[in-house]
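Asks: Every position in the sequence shown, counted from 1, becomes a number in the numbering used here once 80 is added. A virtual CB, placed ideally from N, CA and C, is assigned to each residue, including glycine.
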Amino acid sequence: MLLTRKSSSSAPGSASSLVSSLARGVSRAIPTMDRRSFLRRSGLGVGAGIAVSQLTLVKKVQAADAAKAASGDKKVVVKRTVCGHCSVGCAIDAVVENGVWVRQEPVFDSPINLGAHCAKGAAVREHGHGEFRLKYPMKLVGGKYERISWDQALDEISAKMLELRKQSGPDSVFVVGSSKHNNEQAYLLRKWMSLWGSNNCDHQARICHSTTVAGVANTWGYGAMTNSYNDMQNAKAALYIGSNAAEAHPVSMLHVLHAKENGCKMIVVDPRFTRTAAKADQYVRIRSGSDIPFLFGVLYHVFKNGWEDKKYIEDRVYGMEKVREDVLAKWTPDKVLEASGVDEATCLQVAKTMAENRPSTIVWCMGQTQHTIGNAMVRASCILQLALGNIGTSGGGANIFRGHDNVQGATDVGPNPDSLPGYYGLAEGSFKHFANAWKVDFEWMKKQYAPGMMTKPGMTVSRWIDGVLEKNELIDQDSNLRGLFFWGHAPNSQTRGLEMKKAMDKLDLMVVVDPFPSATAALAAMPGKPEDQNPNRAVYLLPATTQFETSGSCTASNRSIQWREQVIEPLWESRNDHMIMYQLAQKLGFDKELVKNYKMVKGKGGMDEPEVESILREINASVWTIGYTGQSPERLKAHMRNMNVFDVKTLKAKGGIDKETGYKLDGDYFGLPWPCYGTPELKHPGSPNLYDTSKHVMEGGGNFRANFGVEREGVSLLSGDGSHSKGADLTTGYPEFDHLLLKKLGWWDDLSEAEKKAAEGKNWKTDPSGGIIRVAMQVHGCHPFGNAKARAVVWNFPDPVPQHREPLYSNRPDLIAKYPTHDDKKAFWRLPTLFKTVQEKNKDIGKTFPLIMTSGRLVEYEGGGDETRSNPWLAELQQDMFVEINPKVANDRGIRNGEYVWVKTPPMAAVPEFKGLRVKALVTERVNEETVFLPFHFAGRWGGVDLAPYYPTGAVPVVRGESVNTATTYGYDSVTMMQETKTTLCQIERAAA
């Protein structure tokens, strides 16, 4: 039966009943005890009602190790790792017996997860030992996957790459990296692509939070979550918009529920009544895609009532007056109601709650980012927080929950098409900085690129389809894409699935590197149209290890970096990703350049691989821009061993000395959240809350970044007098530090002679000694990136003040006329991008496809879902792909709950033989009469056809279903190429039995 769950109730006298009763009794007896202390002292688990005796597992195992080893029974070790699913960063103690991971516990001492797990975290052991893994290299031969050797796979793939390079240049190959790679692997892959000679690389962040990164970085400096999950306990109000944290980031809800216990008012804004909305004090239903009308409708009342923080705005914000004029003129209550469906009283109540309960925080996720105007929606959220003075304060901030376990880190240091690690741009100066760090000749590296392409942003993962299919004369590179790597990425995460299949069939080379073969393998093997087939296409599957079979660091959404210990040895014939990168580099001829700075160690089968710690040290020595320089392997490992010393609200260590190294943890913030500036020896503690002027910069304080010049149209962009971080020698605004500013201030002689030599002609981002940073921060208390105002007006974006624009596919032609989309663009990220052409062509499409189709997460699955749907424990919890549909809409179509339906969208009109998505109907009032919802974790069925025969033998996911992104429509953000997933139009009809 659809969505059937096992009962959560417990029989009287059962172990779980006993635990529940005991938990209620203890919570009444000790009401002020925090969750972590409670769990440690009571021995109670979360979620599954585990018996008390089982919850002292880790200590019992550790105590028994010596006895068991002496008896010769078994060797038992406990390895500390981090969950491989969402971005919360839950720590896990994995118990390994004779090399086999047998059980696990959430880490009670973790200040992030406080001894908690969600369903996915509790089942994560299965991903290390899962029987549905890709076990050995395979090649597609005659429509079936055949086992081959690693030597054959590496030889043939590299030979094909070199052939494509010779025929069509290095840009003919596109590499989709992974948000599952650890920081070191993500960094190495961007380096690998730079040495190959192309910027045609990207990863999952493009299609989940690229609009966040662009919007937030261009508002106040850095494109990341400003505070932390823990700090949300200090919020007095929390506005969730486009975030269903209860399912997408379940353990994050612990911190918000703590805040609610202290009186925090929770507001949830979403087109759908979610499990998060069920916890809200106020739920606001908006029309999907109307975030700006709603947010500016709230801001209208803030301005009308004088609730804005005038002093804060005067000192720390540029352009708010222009925003005020725009909001008061354009977003009167009637216009807000028309565009978003939210009435005046509701907007007023939200504004009042946020204004009267400061500090108030705002949370957003992909519900806000995945739109053609995602960048503007993000900036509207930023502007609301700036108006209320909530940025740079504990309990406030923009808490932007990332998706995958290391999507934040992979974005920070990994394979982005428009930047090198650390968001260094593609200017020659940036390449020279990294050539110096990598000890590679810059001129040699420049010659690896096609002429003129080194400084040109590559294509994006959201558009690789068009890189294959678009007319060559319209593409801003010599060749169409001919080779593609899916390196830890699910294709069903991307829109326009029907066209994707066509593009896959036309490629010359496709390589899947993954622990699980993913839907890519099945789609590649499934027969397509004869006219789309490339008879010379070569398809390979390479088995990568999971992150539990290697070590390395990963960055949680709050910017805390954690070190994973290797839990088990690589299983079957899998190899870790950095070994595969090195072995391909050997075949391609740049292996010496790739690993010049690294210690080489013996990995699986005695084969060489770069030491992960060495890669992190290179990151520490080069990524100054965002402060990935202070988190040495030693400091991170010490934090993981001593989680108990970190406060659960502030993340700050209260004393503590690491027994292994003697390192003093006192004053550090857990995971050294970036920016952690300077060399590790400087011992910067990390930055728990960005832009916080109440702390000294050497205690994690800061201010807004001077990244946009010093003035604009005669108006200063630097902060006002007094808006400096605590204890700074400069008490007014100032530009970023370089060698000239140090000399003008008379601070040059604070550098050592060696630092002077390294810093001459450099700025704080390119000084390899870190001396400029040391002097600015440690000696003078100033932030190396300057002290400027945040920008409410962003003049380098299409809409300097955020503007509502209707989706390309809208069921409201009246609103298209009032709020039209952008004009088409040529050669944008190397490809033409359509806006107005598509919207005008489809302005009446709502007559045929009247329902707004949106998508989102389930608590049981994650990402593209192949990994979690291959986990039998999770697969049992949700066995069917479904569509949520309002009772009235269902009744009008003769649809009953649990029946199969066809979901059809405009792209299917071009493929008449494709019937649509065949899914089960969940009739519910969670959605209103114009909205339907489908989860995005499913794949393995295609227009009603089961793709099980096309997967490699033994690697078919337990649960398969239609992918919502097979049906999603064309549409991309005007700045970042973020895909539009939240406002596809559709029609639904009952399917025959």
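Could you give the DSSP three-state label for residue 203: helix, strand or coil?
Replies: In this structure, residue 203 counts as coil in the three-state DSSP scheme.
Asks: By the three-class DSSP mapping on this structure, what secondary structure does residue 1050 have?
Replies: Three-state DSSP puts residue 1050 in coil, outside helix and strand.
Asks: Starting from residue 400, trace the alpha helix (DSSP H) in both directions and tell me its first and last residue.
Replies: Where residue 400 is concerned, the enclosing alpha helix (DSSP H) stretches over 400-410.
Asks: Could you tell me the boundaries of the beta strand (DSSP E) in which residue 1002 lies?
Replies: Residues 997-1003.
Asks: Which residue from 468, 154 and 406 puts its Cα closest to that of residue 434?
Replies: Ranking the options by Cα distance to residue 434, first place goes to 468.
Asks: Taking the straight line between their C-alpha atoms, what separation do you get for residue 664 and residue 690?
Replies: Whole-angstrom Cα-Cα distance: 13 Å.
Asks: Using the Cβ count rule (16 or more neighbours within 10 Å means buried), how would you classify residue 745?
Replies: Residue 745 should be labelled buried.
Asks: Using alpha carbons as the reference points, say which of 569, 567 and 578 lies closest to residue 546.
Replies: Among 569, 567 and 578, the Cα nearest to that of residue 546 is on 578.
Asks: Measuring only the C-alpha atoms, how far is residue 568 from residue 244?
Replies: Distance between the alpha carbons of residue 568 and residue 244: 22 Å.
Asks: From 586, 644 and 1006, pick the residue whose C-alpha is nearest to that of residue 713; which is it?
Replies: Residue 713 has its Cα closest to that of 644, out of 586, 644 and 1006.
Asks: Would you mind giving the Cβ-Cβ distance between residue 442 and residue 420, rounded to the nearest angstrom? I have them listed as a contact below 8 Å.
Replies: In fact, because the Cβ distance is near 17 Å, the residues do not count as touching under 8 Å.
Asks: Give me the residue from 251, 263 and 268 with the minimum Cα distance to residue 676.
Replies: Residue 676 has its Cα closest to that of 268, out of 251, 263 and 268.
Asks: Mapping the DSSP letters down to three states, classify residue 691 as helix, strand or coil.
Replies: The answer is coil: DSSP assigns residue 691 none of H, G, I, E or B.
Asks: Given that a residue counts as buried once 16 or more other Cβ atoms are within 10 Å of its Cβ, and exposed if not, what is residue 229?
Replies: Residue 229 should be labelled exposed.
Asks: If you reduce the DSSP assignment to three classes, tell me which class residue 1058 lands in.
Replies: Note: residue 1058 maps to coil in three-state DSSP.
Asks: Give a yes or no on contact between the region 483-503 and the region 888-902, applying the rule of three or more CB pairs nearer than 8 Å.
Replies: In short, these stretches do not touch, since the Cβ pair count stays below three.
Asks: Specify the secondary structure class of residue 994 as computed by DSSP and reduced to three states.
Replies: Coil at residue 994, not helix or strand.
Asks: Is residue 1015 near the ligand FAD, with its Cβ less than 7 Å from a heavy atom?
Replies: No copy of the ligand FAD occurs in the structure displayed, which carries no ligand at all.
Asks: Between the beta-carbon of residue 735 and the beta-carbon of residue 725, is there less than 8 Å?
Replies: In contact: residue 735 and residue 725 (Cβ atoms closer than 8 Å).
Asks: Among 215, 518 and 594, whose alpha-carbon lies nearest the alpha-carbon of residue 271?
Replies: Among 215, 518 and 594, the Cα nearest to that of residue 271 is on 518.
Asks: Extract the residue ranges of the beta strand (DSSP E) inside the region 852-923, only unbroken runs of 3 or more that lie entirely within it.
Replies: The region 852-923 contains these whole beta strand (DSSP E) runs: 905-908 and 911-913.
Asks: Quick one: measure Cβ to Cβ for residue 889 and residue 1064, integer angstroms, because I've assumed they're closer than 8 Å.
Replies: That pair is a contact at about 6 Å.
Asks: Quick one: which unbroken beta strand (DSSP E) runs of 3-plus residues sit fully inside the region 616-647? Chain order, please.
Replies: For the region 616-647, whole beta strand (DSSP E) runs of length 3 or above, ordered along the chain, are 618-623, 632-635 and 641-644.
Asks: Can you check DSSP and say which residues form a bridge with residue 744?
Replies: According to DSSP, residue 744 bridges with 737.
Asks: On a Cα-Cα basis, can you pick out the residue from 208, 921 and 953 that is closest to residue 22?
Replies: In the structure as shown, the chain starts at 81 and stops at 1073, and residue 22 therefore has no counterpart that could be examined.
Asks: Mind checking residue 841: buried by the 16 CB within 10 Å criterion, or exposed?
Replies: Classification for residue 841: exposed.
Asks: Are the CB atoms of residue 961 and residue 908 nearer to each other than 8 Å?
Replies: Result no, Cβ atoms of residue 961 and residue 908 do not sit closer than 8 Å.
Asks: Which residue spans inside the region 926-983 form an unbroken alpha helix (DSSP H) run of at least 4?
Replies: Qualifying alpha helix (DSSP H) stretches, in chain order: 952-955 and 967-972.
Asks: Roughly how many whole angstroms lie between the Cα atoms of residue 260 and residue 164?
Replies: Going from the Cα of residue 260 to the Cα of residue 164 covers about 7 Å.
Asks: Let's see if you can read the secondary structure: which residues bound the beta strand (DSSP E) around residue 1064?
Replies: Unbroken beta strand (DSSP E) run through residue 1064: 1064-1070.
Asks: Short check: CB of residue 169 to CB of residue 640, under 8 Å?
Replies: The answer is yes: Cβ separation under 8 Å.
Asks: Is there contact between the region 960-980 and the region 993-1001, where contact requires at least three CB pairs shorter than 8 Å?
Replies: Short answer: they touch.
Asks: On the three-state DSSP scale, how would you describe residue 280?
Replies: Residue 280: coil per DSSP, three-state reduction.
Asks: What do you reckon, are the CB atoms on residue 383 and residue 407 nearer than 8 Å?
Replies: Yes. Within cutoff.
Asks: With a threshold of 7 Å on Cβ separation, who are the neighbours of residue 1069 within its own chain once the five nearest residues in sequence on each side are excluded?
Replies: Cβ neighbours of residue 1069 beyond the five flanking positions: 973, 981 and 982.
Asks: Report yes if the C-beta distance between residue 542 and residue 286 is below 8 Å; otherwise report no.
Replies: In contact: residue 542 and residue 286 (Cβ atoms closer than 8 Å).
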